Each structure stands twice: as structure tokens, then as C-alpha cells.
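Taking it in order: structure first as C-alpha cells, then the write-up.
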Amino acid sequence: MLLAIDTSAGTSVAVVDREAGILVELTELDTRRHAEVIGTLIDRALHEAGVGARELTAVAVGMGPGPFTGLRVGIAAARVFALGAGLPVLPGVSHDAIAYGQPDPVLVITDARRREVYWSRYAGSDDAGLPVRAAGPGLIAPELLDTVTGSAPIRRLEPEGVSAGALGLVAEHLSAHRRAFASDAALYLRSPDVTPSAGPKRVTG
Amino acid sequence: MTANLPPRADGAAATTPNREPLVLGIETSCDETGVGIVRGSTLLANVISSSMEEHARYGGVVPEVAARAHLEAIVPAISAAIAEAGIRLDEVDAIAVTSGPGLSGALMVGVGAAKALSVALGVPLYAVNHLVGHVGADVLREDDSEIELPTIALLVSGGHTSLLLVRDLVSDVELLGETIDDAAGEAFDKVARLLGLPYPGGPHIDRVAADGDPTAIRFPRGLTQPKDLDRHRYDFSFSGLKTAVARWVEQKQDAGEQVPLGDVAASFREAVVDVLLTKAIAACRDHGIPRLLLGGGVVANARVRELAAERTAAAGIELRIPPLSLCTDNGAMIAALGAQLIMAGHAPSGLDFGADSTLPVTVIQA
């Protein structure tokens, strides 16, 4: 049984079981309140599922891509919850949760702010029911999306939120089939907005 | 289904004043990931992971760089702190975390981590004020001499320059004044840059100033003129000073003369330290409080401590400076303030608070 957390869009927390599916999923779509709601959502999800921290087997977490500030809240919470409860962390690509359960090719698109979007292209699902990511995740201006869709027409999925329940189910399936998890590095896909100092400017003309 | 749960602290520490609570404190308001552990007023661990080196090439703290570093440092810092304290995480009675003031994205890493740890361990969470934490650091001193209240506190760092009147650590802190532009530490960084010295500026200005004459150049003392004292008696301003130093250096360079680095550094430093202590001692006198507490990273500056000792001795004011490792940003001071709140019987903060980059100093607990 997993605790799953994703803050790549809004804040989503779920308790997921391989057999029973999604036991509880709580989502706050507001993309500016991650730090406010994360604790309450974790607490309520465990309470509503009737599960103690020590009964979980792992913590699944969406590593993005997503806007940095919110994304970090979920990753920090997942890592530290896992440390506190003595559990492993199972990192996942947040877009995989959106493509989960789609048998046909889809293009997943999420908001990256600053007039750009995050995208991943999926070729459908494999025998284990896991989404097959063919390309991405990447960052692009929306008007250039045609350049990453491939030759055939493809259905676009542009959900407002990311389901922690689906993320947890992907993690459960990956475990069950002994597949590799995503890297545990946050998927920022942008470098910090800074340039090294060019030295001080003159104050006199 | 909950039969195999380990015994939990529940809300016990929240409702019953606990004499010596074991508190883990998390601090991520700027560029140090700090995790500290205290038992009551006794320091057990103080682990600091700094991203300062990553900021050096930018000449100052870059918020996004700092926040990314917190995310990578938080778990190793907690693990190192529990090892240093020789405890297990499930022995912790409560968590304390800085909820502000500070860099928003940086604070949120600590807040998210602290909330998750509070739920995972089933222990109460206290959201505390970073600046009051700096004052709280004093309760951890090893000589066990208790801080006498009320006291004036001068907190000086790269992000803050504040003068406080502390009547009660957990319930009554008043902001007397603060910087209206740059923080003192920021002024050190900016002047170091224009003198061609590395970041962070404080230690390098100190080093170069050692060979200089602090009276060589009379740089301006911001907000000390009679016309300013009405509205800004306890406020600070260092932006004009920085510009005055730049102007002075450029004039020398334009005239083809060599810039006497030592004299400029010593005279600049003297101007900063003079204003800080003149205003702090005025606050002590005006309020009839013969006690001054220093805190913040700039206290590591040798001249700040030297002049503070001189001026307070001359004025008959008792000077308290926490150990230097507790003056810079750290999690131990946050844990210490959390423990004080618990011992005073304050209720926990719950799980709904957010990070507040401009949390006023009067809000000791969010």
C-alpha cells in the first residue's frame, strides 16, 4: 500500500493499493497553495483510508515536470515523510499518471507558465498496462507542439490536475513487474533564471 | 487496522506543558538548510548545509538556486542531525519550522518537509518566526545564564537588519526599526564586489580592513541626521553608503590613482558598524533597558563584536552574543523557540499555515 503525492500541477495525495486500487484521493487544484494544503491532505488521506504511516510500503512521488515552487513542496514532503516512516521513495514522471490507462497514443500537455507547456508523447500502453513514453518530457511554446507530435494524428490530453492515485497505480505496477522507476531528480526542465555577475556598474557618469 | 502502530506522542505535548520536550527544528528561509535538535534548552544537534558556494558566481543569493539546494539537502540534514543527537526520529516530541520571513520558494521546502514529518511521526508542529528564532538561539548557550528580559535585540544578516524590543520570547516582541533598503550583510556583499573581492563580502572586507584606517574616509551614516531621526529613529539605510563608496572608488580610478583597498574597506565597515551600534544603544537608553542581544550572520564580523563590546561597556549595557554557530541561520534556534513555546503551554500551529515571506516579527508563532 502506497502513499502517493504529486504537486506538479495542483496538490494531489492518494493512498493506493495494488489489489484494491485507489483507496482515497484528495486533490486541491489551486496551483498557489501547495505549502498550505500538503500536510492536511496527507493527514486526511491516511485517516480516510484508515491507514497508519507504518502500514505503508512506500511513498510514490511525481518528480514533474511542473512549475518549480509547487513541485518542490510535494517532493520535499514525500522524501521527508518516507524518512520519518522508514519507507522507500518511488519517483515517477508526473505525465505518466496522466497517460495511465490510455491504450492509444496520446500527447500529454501541462502548464509550464511563461507561455510555455510541458509535453510528453506516449505510444499507448504495454502488456502490463503501463504507459509507454515515446518522447519527452520536454518544454516548448504551445504553437510549436506540432513539431513534437510525430507524423500520425494524436489525441491531446491537457488536464488541469495530475492524479496522485494514477501516479500511485503506475508505481504499484512498476513494482509488481520489477520495472525501473524514474530518476529521483526533480524534472525542472529549466535552469534557474540567472546569469553570472558581470561585475559592478558605475554609479558616476 | 491500527493495532500494529507504534506508540505515538499524540497531542500530549500540545496540551500539557512538557518540561523538556525533544524538538526537531527546520530552517530554510535563505541559503542554509538548517536542522537542529534540542531537549528543552539543551542543544543536541545543529546541522547546517549551505548553498553559499553555488551563489558565489552570481554575487548574491539566487532564490531558485537556494530552493533547489534545500530540496537536495533536507533529508541528509535531518539524518545527520538525528545521528549527531544520538536519537531516533520516533523519539521526537514535536517539530518546529520557520514559516517566515524569508525567500518564499525556499521557505516552502521546509514547510512541506516539516508538515510531512509531523504527520509521519504523529507529533505536533510549530510554525515559528525566523527573526524571533535568532533571539531564541540565546537560550541554548552553554553557560546556562538565562536571558534577562526585556532586552533590545539587534539582528543583522544578509537578508535582515532589525532592531527589536523583546519583552517575552514567546508572546511579546516589538519591531522598533529595520532597514528601509539593503540589509547590512547585503551592503557588505555589494561593496566587496565593487572592490573586486569575492562573495560573501563580510569575511573579505574584514580581512582587507585589517590593514586599513577606519578614519581615513568619512562615509555617510544613513538615517542619523536630525531630520531623519523623527521618522526613522531606529531604522537603517545602507543603500546610500554603498553608492558613496562606489563614487569614491570611481573618482580615484578616474584620476588614475590607486584605490587604497584597506582604507576603503575599514572606513566602509566602520560606517556600517557605527550606525548599527549607535541606533541599538539609543534603543537601550530610550527604553531604559540595559541589555543588548546580537544575532544574525553579520555578528561573525570581528569589528561588529569589538565595537559592540566597547560601546556597551561604556554605556553600562550588558551585551549577549550567542555562540557564532548559532548566530548564522540554523535549525537549532528554530527548535529552541519551538521548545520555549511548548514549555509555555502554547498550542501547536496545526497543518494549514503557509510560508509567509513577509511574516511580521510580532507574529512569533504562525
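These protein sequence lines map, in sequence, to chains F and L. The opening residue of the first sequence carries number 1 in this note's numbering; numbering runs sequentially from there. The opening residue of the second sequence carries number 1 in this note's numbering; numbering runs sequentially from there. Quick reminder that beta carbons are idealized off the backbone N, C-alpha and C, glycines included. In this text the structure is predicted, and so the values were computed from the model without any measurement.
Return helix, strand or coil for residue i, following the three-state DSSP convention.
i       : result
T2(L)   : Caution applies to T2(L), whose pLDDT of 37 falls short of 50 and renders its modelled position unreliable; the value that the coordinates give is listed next. Reduced to three states, the DSSP call for T2(L) is coil.
L167(F) : helix
P290(L) : coil
A309(L) : helix
D193(F) : coil
D168(L) : strand
R39(L)  : strand
T204(F) : coil
Q251(L) : helix
A63(L)  : For the record, residue 63(L) in the displayed sequence is Pro; it is not Ala. Correct three-state label for P63(L): helix.
Q365(L) : strand
F81(F)  : helix
A135(F) : strand
R269(L) : helix
A13(L)  : Confidence in A13(L) is poor, its pLDDT being 43 and thus under 50, which makes the residue's placement unreliable; the coordinate value appears in the next sentence. Note: A13(L) maps to helix in three-state DSSP.
V245(L) : helix
S237(L) : coil
P91(F)  : strand
On the criterion of 16 or more Cβ atoms from any shown chain inside 10 Å, does residue i qualify as buried, or is it exposed?
i       : result
T15(L)  : Any reading at T15(L) is ruled out, since the residue's pLDDT is 46, under 50, leaving its predicted position unreliable.
E310(L) : exposed
P198(L) : exposed
L324(L) : exposed
E172(F) : buried
L29(F)  : exposed
A3(L)   : Only weak support exists for where A3(L) lies, its pLDDT of 37 falling under 50; the coordinates are left without a value.
P7(L)   : For P7(L), the predicted structure reports a pLDDT of 40, less than 50, and the residue's modelled location is therefore unreliable. The matter cannot be settled from this model.
T195(F) : exposed
R156(F) : exposed
P21(L)  : buried
L5(L)   : With a pLDDT of 37 at L5(L), under the threshold of 50, the predicted position of this residue should be treated as unreliable, and no value is reported.
A13(L)  : At A13(L) the pLDDT is 43, less than 50, meaning the model places this residue with poor confidence; the figure from the coordinates comes in the next sentence. Classification for A13(L): buried.
T358(L) : exposed
Name the residue from the options whose alpha carbon lies nearest to the alpha carbon of residue i.
i       : options                               : result
C327(L) : L169(L), I48(L) and T362(L)           : I48(L)
D230(L) : V259(L), G177(L), S145(L) and K252(L) : G177(L)
L103(L) : D31(L), R247(L) and G36(L)            : D31(L)
V298(L) : I217(L), P200(L) and P360(L)          : P200(L)
V65(L)  : D193(F), D17(F) and K201(F)           : D193(F)
D90(L)  : P91(F), V93(F) and G86(F)             : G86(F)
P159(F) : G21(F), L90(F) and L107(F)            : L107(F)
L23(F)  : G10(F), T40(F) and G50(F)             : G50(F)
A335(L) : S41(L), I281(L), S29(L) and R320(L)   : S41(L)
L130(F) : R178(F), L144(F), V15(F) and E48(F)   : R178(F)
G59(L)  : Q253(L), L293(L), L194(L) and F268(L) : L194(L)
S136(F) : L145(F), A128(F), A45(F) and S120(F)  : The residue you asked about is not Ser; residue 136(F) is Gly in the sequence shown. For the residues L145(F), A128(F), A45(F) and S120(F), the minimum Cα distance to G136(F) belongs to S120(F).
I95(L)  : S267(L), L121(L) and G345(L)          : L121(L)
G159(L) : A187(L), I321(L), I342(L) and I147(L) : A187(L)
H95(F)  : R190(F), V73(F) and A164(F)           : A164(F)
E72(L)  : R39(L), I87(L), V109(L) and V62(L)    : V109(L)
R167(L) : A282(L), G288(L) and L125(L)          : G288(L)
G354(L) : G21(F), R32(F) and L3(F)              : R32(F)
P214(F) : K190(L), D206(L), D228(L) and H204(L) : Residue 214(F) lies beyond the range of chain F shown here (1 to 205); nothing can be said about it.
G52(F)  : F81(F), S8(F) and R202(F)             : F81(F)
For a contact defined as C-beta to C-beta under 7 Å, what are the partners of residue i on chain F?
i       : result
L71(L)  : R72, I75, A76 and A186
A120(L) : A53, F81, G84 and A85
L131(L) : Within 7 Å Cβ-Cβ: nothing; L131(L) doesn't reach chain F, min ~19 Å.
Cβ closer than 8 Å: which chain F residues qualify as neighbours of residue i?
i       : result
T243(L) : V203
G354(L) : R33, A35 and E36
L194(L) : P200
R247(L) : V203 and T204
E250(L) : R202, V203 and T204
L89(L)  : L83 and G84
A52(L)  : It is Met, not Ala, that sits at residue 52(L) in the sequence shown. What M52(L) touches in chain F: nothing, since even the nearest Cβ is about 15 Å away.
V376(L) : There is no way to answer for residue 376(L), as the model of chain L reaches only from 1 to 366.
Since residue i meets chain L, which of its residues come closer than 9 Å, beta carbon to beta carbon?
i      : result
R79(F) : L71, I74, V75, A113 and A116
F68(F) : E64, A67, R68 and G105
I42(F) : K115, A116, V119, A120 and L351
Using the beta-carbon of each residue, which ones in chain F are nearer than 9 Å to residue i?
i       : result
I369(L) : Outside the displayed range of chain L (1 to 366) lies residue 369(L), so it cannot be described from this structure.
Run down chain L in chain order and give the residues with a C-beta less than 8 Å from the C-beta of residue i.
i       : result
V194(F) : Y58, V62, E64 and V65
Going along chain L, which residues have a C-beta under 7 Å from residue i?
i       : result
G168(F) : Under the 7 Å cutoff, chain L gives no residues; its nearest Cβ is about 16 Å from G168(F).
G64(F)  : Chain L residues near G64(F): none, gap ~11 Å exceeds 7 Å.
Answer yes or no: the CB of residue i versus the heavy atoms of the ligand NAP, is any distance below 7 Å?
i       : result
K252(L) : No copy of the ligand NAP appears in this structure; indeed no ligand is present at all.
Contact between the region 348–356 of chain L and the region 155–162 of chain L (3+ Cβ pairs under 8 Å): no
At least three beta-carbon pairs within less than 8 Å, the region 329–340 of chain L to the region 132–149 of chain L: yes
Meets three-Cβ-pair contact criterion under 8 Å: the region 113–124 of chain L and the region 26–45 of chain F: yes
Validate contact between the region 167–176 of chain L and the region 19–31 of chain L using beta carbons, cut 8 Å, 3 pairs: no
Stretch-stretch touch, CB-based, cutoff 8 Å, three pairs: the region 144–152 of chain L with the region 257–277 of chain L: no
Validate contact between the region 11–18 of chain F and the region 98–112 of chain F using beta carbons, cut 8 Å, 3 pairs: no
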